[in-house]
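Asker:
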Amino acid sequence: MLTPVLLSGGVGSRLWPVSREAHPKQFQPLAGELSMLQETLRRTSGLEATAPLVVCNEDHRFMVAEQLRQVDLRASALILEPAGRNTAPAVALAALRAVQDDPEALLLVLPADHVIQDVAAFSAAVSHAIPLAQQGRLMTFGVVPASPETGYGYIKCGDALGDELYDLERFVEKPDLDTAKTYVESGSYLWNSGMFLLRADAYLAELGEHNPAMRTACEQAMASAATDMDFVRPDAEAFAACPSDSIDYAVMENTRLGGVVSLDCGWSDVGAWSALWDVHPGDERGNVVQGDVMIDNCDNSYFRSESRLVAATGVENLVVVETADAVLVAERDKVQDVKNIVARLKTEGRPEHSLHQCVYRPWGCYESLIVSDRFQVKRITVNPGERLSLQLHHHRAEHWIVVSGTAEVTCEDKVFMLGEDESTYIPLGHKHRLANPGRIPLELIEVQTGTYLGEDDIVRFDDQYGRSD
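Okay, so the sequence shown: first residue is 290 according to our numbering, each after it adds one.
#1: So, using beta-carbon positions, are R504 and L369 closer together than 7 Å?
#2: According to DSSP, which residues form a beta bridge with H312?
#3: Beta carbon of N397, beta carbon of L486: below 7 Å?
#4: Roughly how many angstroms lie between the CA atoms of S308 and Y591, to the nearest whole one?
#5: Based on DSSP bridge pairs, tell me the residues matched to G321.
#6: Could you compute how far the alpha carbon of T602 sits from the alpha carbon of L723?
#7: Taking Cβ to Cβ, would you say L565 is nearer than 7 Å to A401?
#8: Short of 7 Å in beta carbon distance, which residues of its chain neighbour E458, apart from the five on each side in sequence? Order them along the chain.
#9: Mind the definition here: the region 650-665 touches the region 689-698 only if three or more C-beta pairs lie below 8 Å; say whether that holds.
#10: Can you check which of these residues, P673, R756, I734, K623, is closest to E711 by C-alpha distance?
#11: So, for P726: in the same chain, excluding its five sequence neighbours on each side, which residues have a beta-carbon less than 7 Å away from its beta-carbon?
#12: The beta strand (DSSP E) that contains Q665, what's its start and end?
#13: Give the secondary structure of S594 by DSSP, where H, G and I count as helix, E and B as strand, and everything else as coil.
#14: Is the beta carbon of S807 less than 7 Å from the beta carbon of A619?
#15: Just how far apart, CA to CA, sit V608 and C345?
#16: Give me whichever residues DSSP pairs with W566 in a beta bridge.
#17: Is V559 helix, strand or coil by DSSP?
#18: In angstroms, rounded to a whole number, what distance separates the CA positions of L685 and V666?
#19: Just list the beta strand (DSSP E) runs in the region 702-753, keeping only unbroken ones of 3 residues or longer that don't cross its boundaries, in chain order.
#20: From which residue to which residue does the beta strand (DSSP E) around R459 run?
#21: Could you give the distance in angstroms between the alpha-carbon of V627 and the alpha-carbon of M706?
#22: Mapping the DSSP letters down to three states, classify V433 as helix, strand or coil.
#23: Could you name the residues of the same chain whose beta carbon sits closer than 7 Å to that of I690, not counting the 5 residues immediately before and after it, in chain order?
#24: Taking the CB atoms as reference points, tell me whether L681 and G718 lie closer together than 7 Å.
#25: Use the C-beta contact count for N629: other C-beta atoms within 10 angstroms, 16 or more gives buried, fewer gives exposed.
#26: Could you compute how far the alpha carbon of E573 sits from the alpha carbon of D588?
#27: Beta carbon of V631, beta carbon of W562: below 7 Å?
#28: Based on the DSSP secondary-structure assignment, which residues constitute the bridge partners of C345?
#29: Would you call the CB atoms of A394 and T292 closer than 7 Å?
#30: Between the region 522-534 and the region 415-434, can you find at least three pairs of beta-carbon atoms closer than 8 Å?
#31: Where does D537 land, buried or exposed, given buried means 16+ other C-beta within 10 angstroms?
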């Protein structure tokens, strides 16, 4: 049976300021109403397949679970990487999990942050490649080039194995423009999509032959894995010994079992803002506009607003992206260099490289509205049925005003309910907890006052998400 494996460990720094370390691009609705992770999940639901395996960062575990819940889908397991080790170990963890249930499990490995516009063509290509994969071929999806693109790696196809099926001759790194033109003109090269179809046991065998240290470390990590609900936690110490490498370098460039299936489906890895300009239909002057944007006399530009009006006049070939706490302006052909800005933010210790103004937590999210000396105002949203930890603060007091929904408040030995337009005061040093017993999201305004308002001024006594001190 086919088992989708979604790889959801990327950061997507080239899509800053929307994609950030704490809430990267796969969790964002960049190409439609659903997040890219949800779009990938929906894409696999049309296949004859088991529930997917999702490999993700430990810090993103509740975000992944919530996004699955929102589209009424459930993963067979969420495998939480103790540390990032690139795609080859991530696929190995999924393969080791899959063979526990089905020794001949067939894995459809998909990055969770790609766009596919023609889902029917994608599904047809998967079905077309299944017979070869079942025979032990490690199949990769090569995308028919729409242009001589320098931002993608390429695959050189060898002998034909069938209609639109080829032997894998070699992988090629991202070329310069002239080289890319010769690749496209030759007809023998396809874009490297980073998607694979392979038997779990065949992949593990090839990994053991070409990178035995990686396979051993992954086996040891999974042998000592802890399971908590749908979460599978590989042993951190064993996984720390695992080499870091991509599936291309660790296996596909070395195996003699590689195969390619040609894919023409409107694919993009959305590696930069220019890719979203390509994906979305533009106006008659080539402009793509998202959000509250007003433009005049502009050409071939991408504008995105998330929290306020963005206005532009007389510009061309620009990318302008606005969020609540940052604005990016770049030439459309220089957007790959956004990663340099992110690196500088990180070096200077600025939170904007990692956190949005709206910060997601297992129970919901909070958004800082006003930050000043000795006081801070936040908007807090608690999802139905969720609750924060039992906690106290040494340096601040809090005022809570319910905007919508119902709040269950614990303050020392008292437990009481608050409805809309009702409020309460949590004194400094008092143990307290906030919960949402209702069926709709709880929204409230929190006013913090005190000498120190940092998020690290929290002592947790009880927490259902495993964060107790």
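Where is the CB? At the ideal position from N, CA and C, for every residue including glycine. Note that the structure is a prediction, hence the values are computed from the model and not measured.
Answerer: In this structure, then:
#1: Going by C-beta atoms, R504 is not nearer than 7 Å to L369.
#2: Answer by DSSP bridge pairing, in chain order: R309.
#3: The question names Asn, but residue 397 in the sequence shown is Leu. For L397 and L486, yes; Cβs fall inside 7 Å.
#4: Computed Cα separation, rounded: 16 Å.
#5: Per DSSP, none; premise fails for G321.
#6: C-alpha separation (whole angstroms): 47 Å.
#7: Here L565 is not near A401, since their CB atoms are 7 Å or more apart.
#8: The beta carbon of E458 sits closer than 7 Å to the beta carbons of K445, C446, G447 from its chain, once the five residues preceding and following it are set aside; these are given in chain order.
#9: A contact between stretches requires three or more CB pairs, one per stretch, nearer than 8 Å, and the region 650-665 fails this requirement with the region 689-698.
#10: Measuring from the Cα of E711, the nearest candidate turns out to be I734.
#11: The answer, listed in chain order, is T695, E697.
#12: Annotation: the continuous beta strand (DSSP E) that includes Q665 extends over 664-671.
#13: In this structure, DSSP gives S594 an extended state, which the three-state scheme calls strand.
#14: Here the chain comprises residues numbered 290 to 758, so residue 807 is not present and cannot be evaluated.
#15: Going from the Cα of V608 to the Cα of C345 covers about 30 Å.
#16: According to DSSP, residue pairing for W566 in a beta bridge does not occur.
#17: Residue state, collapsed to three classes: coil.
#18: The question names Leu, but residue 685 is Arg in the sequence shown. Distance from the CA of R685 to the CA of V666, rounded to the nearest whole angstrom, comes to 12 Å.
#19: Qualifying beta strand (DSSP E) stretches, in chain order: 703-707, 712-715, 721-724, 731-739, 748-751.
#20: Note, R459: beta strand (DSSP E), 454-461.
#21: So the two alpha carbons sit approximately 47 Å from each other.
#22: Annotated three-state conformation of V433 is coil, per DSSP.
#23: For I690, where only same-chain residues beyond five positions count, the Cβ hits under 7 Å are S712, L733, I734.
#24: Contact: yes.
#25: Counting Cβ neighbours within 10 Å, N629 comes out exposed, since fewer than 16 surround it.
#26: Computed Cα separation, rounded: 9 Å.
#27: Not in contact: V631 and W562 (Cβ atoms no closer than 7 Å).
#28: Paired residue(s): S297, L369.
#29: In contact: A394 and T292 (Cβ atoms closer than 7 Å).
#30: They do not touch, by the three-pair rule.
#31: The residue in question, D537, is buried, as its Cβ has 16 or more Cβ neighbours within 10 Å.
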